[in-house]
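Working notes, structure below.
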Amino acid sequence: MHRAKRLDLIPPYLFGEIARLKAQAIAEGKSLIDLGIGDPDQPTPWPIVDQLCEAAKDPITHRYDESEAGWPPFLESVSRWYRRRFGVEIDPKSEALLLLGSKDGLAHVCWAMIDPGDVGLVPDPGYTVYKVNTLMAGGDIYVMPLLAENGFLPKLSDIPSDIAKRAKLMFLNYPNNPTGAVASLEFFQDAVRFARDYDIAIVSDLAYSEVTYDGYVAPSMLQVDGAKNVVIEMHSLSKTFNMTGWRIGFAVGSADLIAHLNKLKSNIDSRQFPAIDLAAAYALDNVSNQSTLDLYKRRRDILVDGLAEIGWKIPKPKATLYVWAPVPKGYTSADFAKVLLTEAGVLVVPGSGYGQYGEGYVRMSLTVSGDKDGNLIFEAVRMIREKVKVEW
Ligand SMILES: Cc1ncc(COP(=O)(O)O)c(C=O)c1O
4 MHRAKRLDLI PPYLFGEIAR LKAQAIAEGK SLIDLGIGDP DQPTPWPIVD
54 QLCEAAKDPI THRYDESEAG WPPFLESVSR WYRRRFGVEI DPKSEALLLL
104 GSKDGLAHVC WAMIDPGDVG LVPDPGYTVY KVNTLMAGGD IYVMPLLAEN
154 GFLPKLSDIP SDIAKRAKLM FLNYPNNPTG AVASLEFFQD AVRFARDYDI
204 AIVSDLAYSE VTYDGYVAPS MLQVDGAKNV VIEMHSLSKT FNMTGWRIGF
254 AVGSADLIAH LNKLKSNIDS RQFPAIDLAA AYALDNVSNQ STLDLYKRRR
304 DILVDGLAEI GWKIPKPKAT LYVWAPVPKG YTSADFAKVL LTEAGVLVVP
354 GSGYGQYGEG YVRMSLTVSG DKDGNLIFEA VRMIREKVKV EW
């Protein structure tokens, strides 16, 4: 049967071999510690679930949300949260848009902003959604390498000016998946200056802004003077409140960018179940998820400190759910992920799955189903110590 050629632009599933080995291990009854997917294993805080149940009893939530940009009480709570969290004023009527999770916004902003031949500046390694949707919208990709020696920040001065002139979007994601790197407000200032010079819209992906440790507080790009002219920032309740399945997030920033994205999305989805919006508003206004952060931090420390003891030196991330670990010499990331899985029963993701500059690393997630207070992470470290015989 015919299919659109754009589907051929979607790269093959890079984790295919690992997925096959995982299925095989499970079929053979082997126990496996899965540090693969970044999906909070803890439940959504109960008061948020209670709010959903209450809101679902009100028939007003049973119909289409016919608002301009998302259920107004939700957008008002977004605006309050931005003021409290970042000291940034957001007009809930023109500078905020409800999303069905931030992936919705990150994908569709490409369709709203990219014409064939336009360039999208994408980080590599990076969340694959940026690249795939830019390509499907007919755009060309310019890869911004994220290298350890630059703190996994792109070097803006390396972007050739003819590319920058053709660029319509630049994706930045700090705190970063998969490297766990963070960016300073000074870097955000440089990025906004660059974007203004070349008339590029910045898509700032803040999906992990609240998943931080050791007192680190992540900035918003909208804290930069003049950022509202060029920045759209995407947020998610997924990781902040253990709500990945709920599909709720939001975009804030430039009123023009919000309007373009809204125009496109109005022809694609019909917004979210308003009871979810109301529960999400409650979460933004009232809920702290500190106990989950404390658990991730405990797991991070057991993992990174435990592996350091056997000689595997890995930087400790200040934020995100991920530990980005350089693989020992002589291995590709895919090879080493295979060694960890087959010899130690520990599943990790090869860095090459996130782009060519992810080669040489594996990503380990701190969201581990069934883990209690770090016991499975502890076991993963023990298995790696006992079973994986390499020179670290
Ligand atoms: C960097 C990054 N951005 C955005 C998302 C999308 O999250 P959601 O659509 O659940 O908000 C993810 C999910 O893993 C992510 O890693």
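Quick note on this note's numbering: the sequence shown kicks off at 4 and runs consecutively.
All C-beta atoms in this analysis are idealised placements derived from N, C-alpha and C, irrespective of residue type, glycine included.
Report the rounded CA-to-CA distance for residue i versus residue j, giving the unit in angstroms.
| i | j | result |
| --- | --- | --- |
| valine 195 | valine 233 | 7 Å |
| aspartate 143 | proline 222 | 29 Å |
| aspartate 374 | serine 241 | 19 Å |
| serine 82 | serine 97 | 11 Å |
| glycine 377 | methionine 116 | 43 Å |
| lysine 2 | glutamate 382 | Lying before the first or after the last residue shown, residue 2 is absent from the chain, which here runs from 4 to 395. |
| lysine 25 | valine 352 | 12 Å |
| alanine 340 | lysine 171 | 36 Å |
| valine 146 | proline 126 | 6 Å |
| glycine 218 | glycine 183 | 15 Å |
| glycine 252 | methionine 386 | 38 Å |
| alanine 28 | leucine 344 | 9 Å |
| alanine 58 | proline 157 | 44 Å |
| arginine 169 | alanine 311 | 45 Å |
| serine 70 | glycine 120 | 34 Å |
Are there any heavy atoms of ligand 1 lying less than 7 Å away from the beta-carbon of residue i, as far as the coordinates show?
| i | result |
| --- | --- |
| aspartate 280 | no |
| glycine 314 | no |
| aspartate 208 | yes |
| threonine 182 | no |
| glycine 358 | no |
| valine 39 | Note that residue 39 corresponds to glycine in the displayed sequence, not to valine. No; taking the cut-off as 7 Å, the Cβ of glycine 39 has no heavy atom of ligand 1 nearer than that. |
| asparagine 176 | yes |
| glycine 123 | no |
| tyrosine 216 | no |
| serine 3 | With the chain running from 4 to 395 in the structure shown, residue 3 is simply not present. |
| glycine 354 | no |
| lysine 106 | yes |
| glycine 252 | yes |
| leucine 109 | yes |
| tyrosine 130 | yes |
Do residue i and residue j have their C-beta atoms within less than 8 Å of each other?
| i | j | result |
| --- | --- | --- |
| leucine 324 | valine 214 | yes |
| leucine 100 | glycine 73 | yes |
| serine 336 | valine 290 | no |
| aspartate 280 | phenylalanine 77 | yes |
| histidine 238 | serine 105 | yes |
| leucine 260 | isoleucine 380 | no |
| valine 384 | valine 342 | no |
| tyrosine 360 | threonine 131 | no |
| glycine 129 | asparagine 176 | yes |
| alanine 282 | leucine 55 | yes |
By Cβ distance, which residues of its chain are closer than 8 Å to residue i, with the 5 residues on each side in sequence left out?
| i | result |
| --- | --- |
| serine 34 | Gly348 |
| asparagine 292 | Pro48, Glu213, Thr243, Phe244, Asn245 |
Which same chain residues, not among the five before or five after residue i, have their C-beta less than 7 Å away from its C-beta?
| i | result |
| --- | --- |
| valine 91 | Tyr85, Ser223, Leu225, Gln226 |
| leucine 2 | Not covered by the structure: residue 2. The range shown for the chain is 4 to 395. |
| glycine 363 | Pro329, Val330, Ser336, Gly354 |
| leucine 38 | Val349, Leu350, Val351, Met367, Ser368, Val371, Ala383 |
| lysine 231 | Leu225, Gly256, Ser257 |
| phenylalanine 190 | Leu156 |
Could you have a look at residue i and say whether DSSP puts it in helix, strand or coil?
| i | result |
| --- | --- |
| tyrosine 360 | helix |
| isoleucine 205 | strand |
| arginine 274 | coil |
| tyrosine 145 | strand |
| phenylalanine 197 | helix |
| phenylalanine 190 | helix |
| valine 371 | coil |
| alanine 414 | The shown model of the chain, from 4 to 395, leaves out residue 414, and the question about it has no answer. |
| alanine 210 | coil |
| valine 234 | strand |
| phenylalanine 77 | helix |
Leaving aside the five residues before and after residue i along the sequence, list all residues of the same chain whose C-beta is less than 6 Å from its C-beta, in chain order.
| i | result |
| --- | --- |
| tyrosine 299 | Leu369 |
| tyrosine 67 | Ser273 |
| aspartate 118 | none |
| isoleucine 313 | Arg388 |
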